[in-house]
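Data block below; observations after.
Number of protein chains: 2
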Amino acid sequence: MTKTKVNPYEVQGEINYDRLIKEFGIKKIDKELLTRIKKITGEIHPYLRREIFFAHRDLEKLLDAYESGQKFFLYTGCGPSGPIHLGHYSVWSFVKWLQDKFDVELWFQFTDDEKFLYLKNKTYEEIQDWTKQNMLDVAALGFNPEKTHFLIDTKHADIMYPEAIRVAKKITFSTIKASFGFTDSNNIGSIFYTAMQTVPIFLPNVLNKKSEYCLIPLAIDQDPHFRISRDVVQKLGHKKPTILHAKFMSPLTGATGKSSSSNSSKTILMTDSPSTIKTKINKYAFSGGQETTEEHRKKGGNTETDVACQWLKYFEWDDEKLEKIYKEYSSGKLLSGEVKAILIEKINGILSEHQERRKDAENQLDKFIFKS
Amino acid sequence: MTKTKVNPYEVQGEINYDRLIKEFGIKKIDKELLTRIKKITGEIHPYLRREIFFAHRDLEKLLDAYESGQKFFLYTGCGPSGPIHLGHYSVWSFVKWLQDKFDVELWFQFTDDEKFLYLKNKTYEEIQDWTKQNMLDVAALGFNPEKTHFLIDTKHADIMYPEAIRVAKKITFSTIKASFGFTDSNNIGSIFYTAMQTVPIFLPNVLNKKSEYCLIPLAIDQDPHFRISRDVVQKLGHKKPTILHAKFMSPLTGATGKSSSSNSSKTILMTDSPSTIKTKINKYAFSGGQETTEEHRKKGGNTETDVACQWLKYFEWDDEKLEKIYKEYSSGKLLSGEVKAILIEKINGILSEHQERRKDAENQLDKFIFKS
């Protein structure tokens with residue numbers, strides 16, 4: 001068995017999410033919580049129904065507070081070192097749903113310092129270019145610019161660094177070593193960095209002299225940062241944040257690891273053209289079907305290993321339609337190529353809209369970037 | 001023999017400066033260099049004549065450049081965690097002389113982040129108060145406000161942090177461990193901090209799109225920061241800084257360690273009143289004299305161990321007068337109490353002027369604090 005490693009700087013092996021729940025000490029999002037959410041939002045987002053967002057820390061407390069009339073704010077982020085792909089998009093589209101349904105502020109952090117410090121071969125200037133490009137994609141998602149605030153670590157260091165040192169004073173290198181697997185050969189910026197990622201948990205409250213809860217939707221590899229943060233922010237007199245954990249969208253090529261921009265054949269980028277999308281999916285998407293059409297008709301396909309089927313969980317939000325596809329693929333009525341064609345059409349629809357909005361995003365950036 | 005330790009976070013034992021020169025790999029300021037300086041400045045500052053500023057790195061290069069018409073800038077600083085004492089004052093009064101004689105810009109860093117991160121029992125707010133108080137003392141020294149720029153690490157993080165991460169990417173924790181004796185129990189902010197202290201070496205050039213030399217006058221315990229910095233800034237395409245090293249002004253109580261604000265009986269603070277000065281010197285200043293007046297008249301005093309004699313090197317700038325005092329003390333003509341009285345008068349003069357200027361400094365701070 002491949003050993004599983006899941007932290008912000010390494011995701012390896014086949015991921016057993018039930019085991020991660022135990023290892024990380026987090027909780028599954030259960031039916032009771034879904035019912036409470038539905039009472040507020042009027043609907044359950046398909047990512048919740050389908051256990052894509054599957055686990056949490058302290059969601060009950062946040063809902064208690066919200067039900068008693070207290071607002072919270074959302075905090076999520078992006079490490080700008082390459083193009084945005086559908087894995088990012090799906091998490092952020094869920095964040096947008098949360099913002100719309102709960103009517104709350106969103107603080108969106110661009111961790112340009114982190115990416116510069118961790119990536120040996122990227123220059124400062126390259127990371128700045130990616131920050132700009134990634135901001136365009138985030139703006140294109142359609143967040144409410146009145147309620148969405150971009151924080152760029154280097155650009156907002158004037159308000160972030162003074163808070164980060166308060167955090168840093170409470171974290172030893174021993175803790176960092178244990179959480180991220182670092183050694184004495186790590187550079188001192190990368191060692192300090194987690195303090196910067198902690199700041200947005202309480203910065204909005206410091207700036208606005210409030211004491212609201214913070215809700216962090218994230219892909220589960222980011223959890224180790226906040227395991228440290230949660231203890232530290234409490235020591236600093238702030239509320240522990242609530243966290244919602246998402247599973248990784250699998251790479252096109254199969255079920256281990258996570259989607260990543262560093263190998264663009266394994267994922268779909270937000271800037272890919274319809275023909276690229278078609279080629280990538282047809283060529284690389286791992287098939288759960290049989291060797292021959294004849295055999296497939298007889299035995300049917302495996303929806304669990306078929307990447308097109310799995311990805312449709314993210315993009316076909318109609319439960320009945322998805323169930324029909326799964327049923328027909330399992331029975332052999334639908335061929336792998338046909339499921340791929342359905343996925344291609346869905347993604348084309350999403351990306352053509354996104355790419356249109358992205359063209360206008362340039363003019364919007366100024367509204368999104370926080371002014372301190 | 002007490003083991004000597006000299007780094008920014010520990011100064012212990014009796015200090016053998018000749019050995020430090022070897023250990024640190026620095027050079028003595030020799031007659032040839034003094035002659036070159038005099039050619040430019042018209043005089044040799046007593047701290048140079050008296051080997052208070054006694055060693056350097058790359059001073060030749062800086063003078064070569066200056067003689068060929070290139071300017072340099074000065075960089076020095078203050079760790080704001082307590083009141084300013086005569087040890088600080090003496091180093092900075094020499095910096096002022098350099099600024100005046102060479103007619104150059106001075107960048108003065110207040111390392112409030114450092115002091116907050118290193119001092120367990122100081123709050124962020126206490127350090128901010130000391131920063132304000134210390135800025136008043138620095139402003140009161142009479143630096144030219146047109147050519148002097150205060151950098152406060154937290155306040156100027158917007159321009160400093162982006163440069164600090166470029167530095168930090170090139171320094172591993174192994175290097176920090178070796179230079180400062182740190183362990184895994186150090187907090188991650190203190191580990192990162194040396195990157196912030198490196199930034200002013202090249203920030204003025206980045207801001208002004210120039211490539212001038214940087215001259216750093218400092219007390220020798222700060223050298224380890226810049227031993228690391230010098231290699232790093234060169235890798236980043238900047239000039240290695242020139243460094244001038246000062247010996248420590250000994251504590252009132254005797255010759256080991258350095259003057260420190262953390263024990264105010266061992267030093268004179270810039271805010272001490274004439275009566276406090278008199279009491280401290282008479283009560284605490286270690287005497288090089290004999291047990292009885294009779295014995296003193298016969299055997300004479302020891303100018304090397306007598307703190308009043310040693311301190312007069314800093315404050316009696318007239319060589320003839322100082323020589324006379326030393327001669328008469330050695331011969332037994334002058335008693336310890338009489339030398340103390342001379343020192344008290346000198347210091348009273350300096351501090352009463354300083355305290356007057358300090359009253360006006362409040363209105364000047366805004367002119368000194370750098371506007372980015």
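Heads up: the protein sequence lines correspond to chains A and B, in order. Start counting the first sequence at 1; every next residue gets the next number (the numbering used here). Start counting the second sequence at 1; every next residue gets the next number (the numbering used here). The beta carbon of each residue, even a glycine, is placed where N, CA and C say it ideally should be.
Taking V138 of chain A as the centre and dropping the five residues before and after it, the same chain places the C-beta of C78, W92 and F108 closer than 7 Å to its C-beta, in chain order.
The beta carbon of L86 of chain A lies closer than 6 Å to those of I268 in the same chain, with the five residues before and after it left out. Between D306 of chain B and V11 of chain B, the C-beta spacing is not below 8 Å. With contact defined as three or more Cβ pairs closer than 8 Å, the segment 69–77 of chain A and the segment 205–214 of chain A are in contact. The shortest CA-to-CA distance from E60 of chain A to any of A:D30, A:E51, A:H88 and A:L74 is the one to A:D30. Approximately 5 Å separates the beta-carbon atoms of V232 of chain B and V167 of chain B; this is inside 8 Å, confirming the contact. Positions of the alpha helix (DSSP H) runs, each at least 4 residues long and wholly inside the segment 258–309 of chain A, are given as 274–284 and 293–299 in order along the chain. Exclusion of the five residues before and after Y284 of chain B leaves L252, T253, S265 and K266 as the residues of its chain whose Cβ lies within less than 8 Å of its Cβ. Annotated three-state conformation of L151 of chain B is strand, per DSSP. In this model, K115 of chain B and P80 of chain B are separated by some 6 Å (Cα to Cα). Distance between F24 of chain B and I243 of chain B, taken at the CA atoms: about 12 Å.
Remark: fewer than three beta-carbon pairs, one from each stretch, lie closer than 8 Å, so the segment 149–169 of chain B and the segment 169–186 of chain A are not flagged as touching. Listed along the chain, the chain B residues whose CB falls inside 7 Å of the CB of G189 of chain A are I165, A168, K169, F192 and A195.
Residue pairing from DSSP places Q109 of chain A in a beta bridge opposite A:G77 and A:L151.
Here A178 of chain A is exposed, its C-beta having fewer than 16 other C-beta atoms within 10 Å. Within chain B, the residues whose beta carbon sits less than 7 Å from that of P162 of chain A are T154 and A157, listed in sequence order. In this structure, the beta-carbon distance from N187 of chain B to K169 of chain A falls below 8 Å. Under the 8 Å criterion on CB atoms, F173 of chain A is classed as interfacial with respect to chain B. By the rule that beta-carbons nearer than 8 Å mark a contact, F315 of chain A does not touch chain B. Using a CB distance cut-off of 8 Å, K177 of chain A counts as an interface residue toward chain B. Restricting attention to beta strand (DSSP E) runs no shorter than 3 residues, the segment 316–361 of chain A encloses none.
For E10 of chain B, the secondary structure class from DSSP, reduced to helix, strand or coil, is strand. In terms of Cα proximity to K371 of chain B, the closest of A:D58, A:D158 and A:E51 is A:D158. The secondary-structure analysis by DSSP pairs I216 of chain A across a beta bridge with A:I243.
Proximity of chain B to L117 of chain A at the Cβ level (cut-off 8 Å) is accounted for by I165, A168 and K169, in chain order.
Only buried fits S190 of chain A, as 16 or more other CB atoms lie within 10 angstroms of its CB. The Cβ atoms of L203 of chain A and M160 of chain A sit closer than 8 Å to each other. Two segments are said to touch when three or more pairs of C-beta atoms, one from each, lie closer than 8 Å; by this definition the segment 46–63 of chain B touches the segment 306–323 of chain B. Contact annotation: in the segment 123–138 of chain A, residues whose CB is within less than 8 Å of a CB in chain B are Y124.
Under the Cβ distance rule, D30 of chain B does not count among the residues neighbouring chain A, no pair being separated by less than 8 Å.
S185 of chain B reaches chain A at T172 and S174, counting residues in chain order whose Cβ is nearer than 7 Å.
In this structure, A:D223 is the residue among A:D223, A:T41 and A:S275 with its C-alpha nearest to the C-alpha of T194 of chain A. Taking CB atoms only, D113 of chain B has a neighbour in chain A less than 8 Å away. Setting aside the 5 residues that flank it on each side, L63 of chain B is surrounded in the same chain by L33, R36, I37 and I40, each with a C-beta closer than 8 Å to its C-beta; the list follows chain order. Excluding sequence positions up to five before and after Q128 of chain A, its CB lies within less than 7 Å of the CB of D112, all in the same chain and listed in chain order. For H88 of chain B, the secondary structure class from DSSP, reduced to helix, strand or coil, is helix.
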